[in-house]
Amino acid sequence: MMSNPPESDPYGDILIVDDEPNNLRVLSTLVRSCGYQVRQAISGSVALRAVQAQQPDLILLDIMMPEIDGYEVCQQLKLDPKTRDIPIIFLSALVRGVDKAKAFQVGGADYITKPFQVEEILARIKYQLTIRTLQTQLQQKNQELSQQNHQLKTEINIRQQTEAELRHSQAQLQAGKEQLQQVIDNLKRTQAQLVQSEKMSSLGQMAAGVAHEINNPISFIYGNLDYASQYMQALMDVVKLYTKHYPQPHVEILQAIQANELDFVIEDFPKVLASMKEGAERIRDIVLSMRYFSGSDQAYAKPADIHKGLDNTLIILQNRLKAQKNLAAIEVKREYGKIPLVNCYLGQINQVFMNLLSNAIGALEEKQNEGTFKPTIKISTKLSHNSKESQDKNSKWVEIRITDNGTGIPYQLQNRIFDPFFTTKPVGKGTGLGLSISHSIIVEQHRGQLLCRSEPGHGTELLIRLPV
10 MMSNPPESDP
20 YGDILIVDDE
30 PNNLRVLSTL
40 VRSCGYQVRQ
50 AISGSVALRA
60 VQAQQPDLIL
70 LDIMMPEIDG
80 YEVCQQLKLD
90 PKTRDIPIIF
100 LSALVRGVDK
110 AKAFQVGGAD
120 YITKPFQVEE
130 ILARIKYQLT
140 IRTLQTQLQQ
150 KNQELSQQNH
160 QLKTEINIRQ
170 QTEAELRHSQ
180 AQLQAGKEQL
190 QQVIDNLKRT
200 QAQLVQSEKM
210 SSLGQMAAGV
220 AHEINNPISF
230 IYGNLDYASQ
240 YMQALMDVVK
250 LYTKHYPQPH
260 VEILQAIQAN
270 ELDFVIEDFP
280 KVLASMKEGA
290 ERIRDIVLSM
300 RYFSGSDQAY
310 AKPADIHKGL
320 DNTLIILQNR
330 LKAQKNLAAI
340 EVKREYGKIP
350 LVNCYLGQIN
360 QVFMNLLSNA
370 IGALEEKQNE
380 GTFKPTIKIS
390 TKLSHNSKES
400 QDKNSKWVEI
410 RITDNGTGIP
420 YQLQNRIFDP
430 FFTTKPVGKG
440 TGLGLSISHS
450 IIVEQHRGQL
460 LCRSEPGHGT
470 ELLIRLPV
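Here the sequence shown stands for residues 10 to 477, numbered as in my numbering.
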């Protein structure tokens, strides 16, 4: 039995978009029974008109739809300043990691796979509406504070006749600004951590779950390929013996041999099995990389192989490194030094690698239109002593440098790249959380250092130092 949410739960106007009438009816009935106001849209174009007519508090959006799919609907909404803040939860039967990653890249707030659990979808709706309410309250508070600041400045201008009162008012204003900025910074940092923590928890569980589900069938396939090869060889030996002792087969057999190109089959069959084995090995490597990357079995810090974390992250990003339409392949140069195991939370460190490498790839993609440009990422590691930034002269650090020859970062923006929600990307292309969360993981969680050196137009180097 499902109970309605308590009266204290946030009220919400929810738009549900799905081209399957039965899915739309069932989901609308479920959400409406919990006290939410529900509107329906049977296609992407209808959804866009519905949002313009009346903005909802939340959108449940199917991906696979004719004419305009869910990704394009989300992108159009994120490009419009009036609708870009509406949270969007994708609902889809697509379970591939690349599909889910694309959903977050275009601006999705969450992703739920079909068939879904009732409790799960209600909990996620409630969570997104709560975040939406907090954001609205924060904006209202900012407006109120802005009005108060304006009023205070007016009073200061009126009281300029008395120098003492002016100094006192200015001091009060400065103190109020500092306190306000501190409150805003704390709110931003807390919100960033909550959002990123929720997303990474879901992604980590998804990666671990996908790896687990794929592992059994691929092990079955891989284990039986050797038997298939043996059986194939036995059949080939029998065919060769038959050909040797009966060089003139019956006319019907001869016709079947010619129709099925037996000579080609005998030559190509071993190659097919070899390709299948190579593909199965590749899938096994990817499964192991996903399990290692997620760090789902690591509840506490323990010694980890940094090189293995880097390699597995590159495997997951391999699709973005390959040559694509109008984009050259990105060369990755590894210069690994001899370093010890590092005591760390592996899942968090791998997420930092993912954020930094994804940013490097993005910078290279922006620069691809420059003639003979050869996109390159260089990853180097070494053990260093006596870091200049460290007061402990006997300290040892593992250094990881990730360098690209991309667009670089303008000088005037370099001191802000680790601020929460700061991004140089267009609306809908970035959240401004990646570097902020990475800095928090390295500096606060692992007592390390994350430094940036960039030359606009020539590239960027990000240096991670983890204490040994």
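Ideal Cβ placement from N, Cα and C applies to all residues, glycine included.
Computed from a predicted structure; not experimentally measured.
Counted within 10 angstroms of its Cβ, other Cβ atoms place residue i as buried (16 or more) or exposed
i: histidine 259; result: exposed
i: serine 155; result: exposed
i: asparagine 269; result: exposed
i: isoleucine 262; result: exposed
i: histidine 455; result: buried
i: alanine 50; result: buried
i: proline 312; result: exposed
i: tyrosine 255; result: exposed
i: serine 449; result: buried
i: valine 436; result: With a pLDDT of only 48 at valine 436, under the threshold of 50, the placement of this residue in the model should not be trusted; the figure read from the coordinates follows. Flag for valine 436 reads exposed.
i: glycine 44; result: exposed
i: threonine 322; result: buried
i: valine 247; result: exposed
i: leucine 33; result: buried
i: alanine 372; result: buried
i: glutamine 170; result: exposed
i: threonine 469; result: buried
i: proline 226; result: exposed
i: tyrosine 120; result: buried
i: leucine 350; result: exposed
DSSP state of residue i mapped onto helix, strand, coil
i: cysteine 2; result: As displayed, the chain neither begins before 10 nor continues past 477, which places residue 2 out of reach and without an answer.
i: proline 384; result: coil
i: proline 312; result: strand
i: leucine 350; result: coil
i: proline 75; result: coil
i: valine 104; result: coil
i: threonine 92; result: coil
i: arginine 34; result: helix
i: histidine 177; result: helix
i: arginine 115; result: Position check: residue 115 holds valine in this sequence, whereas arginine was assumed. Reduced to three states, the DSSP call for valine 115 is coil.
i: alanine 50; result: strand
i: glutamate 344; result: strand
i: tyrosine 255; result: coil
i: proline 476; result: strand
i: isoleucine 230; result: helix
i: lysine 391; result: strand
i: glutamate 481; result: Summary: the structure shown does not reach residue 481, with the chain confined to residues 10 through 477, and so no result is reported for it.
i: glutamate 470; result: strand
i: isoleucine 292; result: helix
i: glycine 437; result: Only weak support is given to the placement of glycine 437: the predicted model assigns it a pLDDT of 49, under 50, and the question is left unresolved by the model.
i: threonine 322; result: helix
i: isoleucine 223; result: helix
i: isoleucine 97; result: strand
i: isoleucine 193; result: helix
Beta-carbon separation (whole angstroms), residue i vs residue j, contact threshold 8 Å
i: glycine 318; j: leucine 355; result: 6 Å
i: cysteine 353; j: leucine 444; result: Wrong, their Cβ atoms sit about 19 Å apart, outside the cutoff.
i: valine 60; j: leucine 24; result: 7 Å
i: leucine 100; j: aspartate 71; result: 5 Å
i: leucine 161; j: leucine 182; result: 6 Å
i: histidine 316; j: threonine 390; result: 7 Å
i: glycine 415; j: alanine 369; result: 7 Å
i: serine 52; j: isoleucine 77; result: 7 Å
i: lysine 286; j: leucine 234; result: 5 Å
i: isoleucine 98; j: glycine 116; result: Not quite, the Cβ-Cβ distance comes to about 12 Å (not below 8 Å), so this is no contact.
Boundaries (first-last residue) of the alpha helix (DSSP H) holding residue i
i: glycine 364; result: A quick correction: the sequence has asparagine, not glycine, at residue 364. Counting along the chain, the alpha helix (DSSP H) containing asparagine 364 begins and ends at 355-375.
i: arginine 133; result: 127-167
i: glutamine 458; result: Here glutamine 458 belongs to no alpha helix (DSSP H); instead the beta strand (DSSP E) covers 458-464.
i: leucine 57; result: 53-62
Residue i - containing beta strand (DSSP E), residue span
i: isoleucine 478; result: For residue 478 there is no data in the structure shown, the boundaries of the chain being 10 and 477.
i: arginine 329; result: Unbroken run through arginine 329 is the alpha helix (DSSP H), 327-330; no beta strand (DSSP E).
i: glutamate 270; result: Per DSSP, glutamate 270 belongs to no beta strand (DSSP E) and is neither H nor E.
i: arginine 410; result: 405-413
i: isoleucine 25; result: 22-26
Original post:
On the three-pair Cβ rule with 8 Å, is the segment 169-179 touching the segment 97-106?
Top reply: no
**OP:** Assess, as a yes-or-no matter, whether the segment 129-141 is touched by the segment 76-87 under the definition of 3 or more beta carbon pairs within less than 8 Å.
**Re:** no
Original post:
Just checking, does the segment 56-71 make contact with the segment 137-155 on the three C-beta pairs under 8 Å criterion?
Top reply: Proximity of the segment 56-71 to the segment 137-155 meets the contact definition, three or more beta-carbon pairs being nearer than 8 Å.
Subject >> Contact the segment 458-466 vs the segment 322-339: 3+ CB pairs below 8 Å >> reply: no
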